[in-house]
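Residue numbers (the working numbering), protein chains in the order written: chain B, 558 to 740; chain D, 558 to 740.
Even glycine gets a Cβ: it sits at the ideal position worked out from N, Cα and C.
Fair warning: this is a prediction, and the values are worked out from it, not measured in the lab.
Below is one structure; the comments refer to it alone.
There are 2 protein chains.
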Amino acid sequence: MSTQSPDQPQAAALADDVTAIVEAHPDHSDELRLWLRLLAVSNLIEAEIRRRLRERFATTLPRFDLMAQLERAPDGILLGELSRRMMVSNGNVTGLVERLALEGHIVRETPETDRRATRVRLTAEGRSAFAAMAEEHSGWVAELLAGLGESDVADLYRRLGDLKASVTSATAAPPPQKPTGDA
Amino acid sequence: MSTQSPDQPQAAALADDVTAIVEAHPDHSDELRLWLRLLAVSNLIEAEIRRRLRERFATTLPRFDLMAQLERAPDGILLGELSRRMMVSNGNVTGLVERLALEGHIVRETPETDRRATRVRLTAEGRSAFAAMAEEHSGWVAELLAGLGESDVADLYRRLGDLKASVTSATAAPPPQKPTGDA
DNA sequence: ACAATATAGTTTAGGCTTCAAACATCAGCC
DNA sequence: GGCTGATGTTTGAAGCCTAAACTATATTGT
Chain B
558 MSTQSPDQPQ
568 AAALADDVTA
578 IVEAHPDHSD
588 ELRLWLRLLA
598 VSNLIEAEIR
608 RRLRERFATT
618 LPRFDLMAQL
628 ERAPDGILLG
638 ELSRRMMVSN
648 GNVTGLVERL
658 ALEGHIVRET
668 PETDRRATRV
678 RLTAEGRSAF
688 AAMAEEHSGW
698 VAELLAGLGE
708 SDVADLYRRL
718 GDLKASVTSA
728 TAAPPPQKPT
738 GDA
Chain D
558 MSTQSPDQPQ
568 AAALADDVTA
578 IVEAHPDHSD
588 ELRLWLRLLA
598 VSNLIEAEIR
608 RRLRERFATT
618 LPRFDLMAQL
628 ERAPDGILLG
638 ELSRRMMVSN
648 GNVTGLVERL
658 ALEGHIVRET
668 PETDRRATRV
678 RLTAEGRSAF
688 AAMAEEHSGW
698 VAELLAGLGE
708 SDVADLYRRL
718 GDLKASVTSA
728 TAAPPPQKPT
738 GDA
């Protein structure tokens, strides 16, 4: 797995065009393939977990995620902070909170000190519902990853950390724009 | 990173409860952590790519994916086949195709031999638009993964393949139910 | 105090996604 | 020909998601 172009070193007649194209556009196929596989695996696992959350608990991944955030914050969280932690938009949180409140899993309250804000907390019912879901959930994940050895898990974890660092640094700093004069 | 439970082997008073719990619920935290990181990395990259597709080409990832499928099928694809290849529902494809057709990127036609079906193809405009997008897209991916060495890419690719196999085998065969009498 | 600005959330418009039900057509059979 | 069951697609309801516009409240500068 190094360069994708299939082996036709003999077809000389048209080869010049191909060569020119390849030189103008360096080969990114290994990275592309890696990304496509990463995406496929991630979607595969996610779809299965969504399916089970729906079948077993009649809930969804976003609601589960939101409850997971609340469980770690016994005193509740402001919506804005929730939106930051979940990495989704404010408006999105508004809707999720509305539905979870209807289900009785969480409650909203307005702090005395800032009447713009809304703080949400798990109800007792929500806390115990989440505990049940979280336990099964972690079992599902373990089941799906059961084909990996202990060292595979550790290795993948570390390498994905490297990848995350690569992505973060690539998105944090805007790409080198016109170091010299490539216009 | 092996077992999560913090070390309090001395706290004997309450330890029995903890022990019982741990034995009843084996520790899955390493797998869980791996899954959360995989999901985070995947979402990070995906969000960046969606953002760039929107900014540079005023399009979306699903539309890009659909066009990518069509590009590999010069004679067009039936909607059902498209839905299978993209791993999304039929109804989803209906909407995507509608919007891409409005944009002039693709055309729909009904085969003479089966008037239930719809075959979609890229237009000439769609083909060249896709070529431009695909080239930038692969550059973005390479850029985001640039922090990884060549061997890192190959390693990750292989390990993700193992992971995919694990997930596939876990979801294909329903979990062992009553090993003896299910005949 | 008051105007300007900033912050916390909600709303709106639009797109993606699924599932289930409806619709259209086809293929086989009587 | 006309049933019947399978196949290909669309529709409708519901949820998730975002960006942008908007409301309400708080803070800051003067």
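Against chain D, the beta carbon of V698 (chain B) has neighbours under 7 Å at H585, E588, L589, W592, listed in chain order. In the DSSP assignment, R642 (chain B) falls within the alpha helix (DSSP H) that extends over 636 to 643.
Here S685 (chain D) is exposed: its Cβ has fewer than 16 other Cβ atoms, across all protein chains shown, within 10 Å.
Sixteen is the threshold: when 16 or more other Cβ atoms of the shown chains lie within 10 Å of the Cβ of A699 (chain B), as they do, the residue is buried.
In this structure S599 (chain D) does not touch L705 (chain B) by the C-beta definition: roughly 17 Å separates them, more than the 8 Å allowed. Residues of the stretch 714 to 730 of chain B with a Cβ closer than 8 Å to any Cβ of chain D, in chain order: Y714, R716, L717, G718, D719, L720, K721, A722, S723, V724, T725, S726, A727, T728.
S695 (chain D) has a beta carbon lying within less than 8 Å of a beta carbon in chain B. For G704 (chain D), a Cβ of chain B is located within less than 8 Å of the residue's own Cβ. Shortest Cα-Cα distance from V664 (chain D) to any of D:A681, D:L701, D:D719, D:S708 involves D:A681. A direct Cα-Cα distance of roughly 22 Å separates L593 (chain D) from A615 (chain B). Of all residues in the stretch 602 to 631 of chain B, those with a C-beta nearer than 8 Å to a C-beta of chain D are I602, E603, E605, reading in chain order. Counting the other Cβ atoms within 10 Å of the Cβ of L627 (chain B) gives 16 or more, which makes it buried. For the pair of segments examined, the stretch 663 to 678 of chain B was found to touch the stretch 631 to 639 of chain B: the number of CB pairs separated by less than 8 Å reaches three. Within chain B, the residues placing a beta-carbon under 7 Å from that of D709 (chain D) are R716, D719, ordered along the chain. Rounded to whole angstroms, the Cβ separation of L610 (chain D) and A727 (chain B) is 16 Å, and the two are not in contact under 8 Å. Residue environment analysis places M624 (chain B) among the buried positions, since at least 16 neighbouring C-beta atoms fall within 10 angstroms of its C-beta. Residues of chain D whose Cβ lies closer than 7 Å to the Cβ of D671 (chain B) do not exist; the shortest such Cβ separation is about 30 Å. F687 (chain D) has its alpha-carbon roughly 14 Å from the corresponding atom of A658 (chain D). The bridge partners DSSP lists for V724 (chain B) come to none.
When the alpha-carbon of M643 (chain D) is set against those of B:G696, B:L717, B:L596, B:D584, the nearest one is in B:L596. In terms of beta-carbon proximity, A597 (chain D) lines the interface with chain B, with at least one pair separated by less than 8 Å. Spanning the alpha carbons of V710 (chain D) and L591 (chain B) requires a straight line of approximately 7 Å.
Closest by C-alpha distance to A729 (chain D), out of B:E605, B:S695, B:G683, is B:E605.
By DSSP's assignment, E666 (chain B) forms a beta bridge with B:R676.
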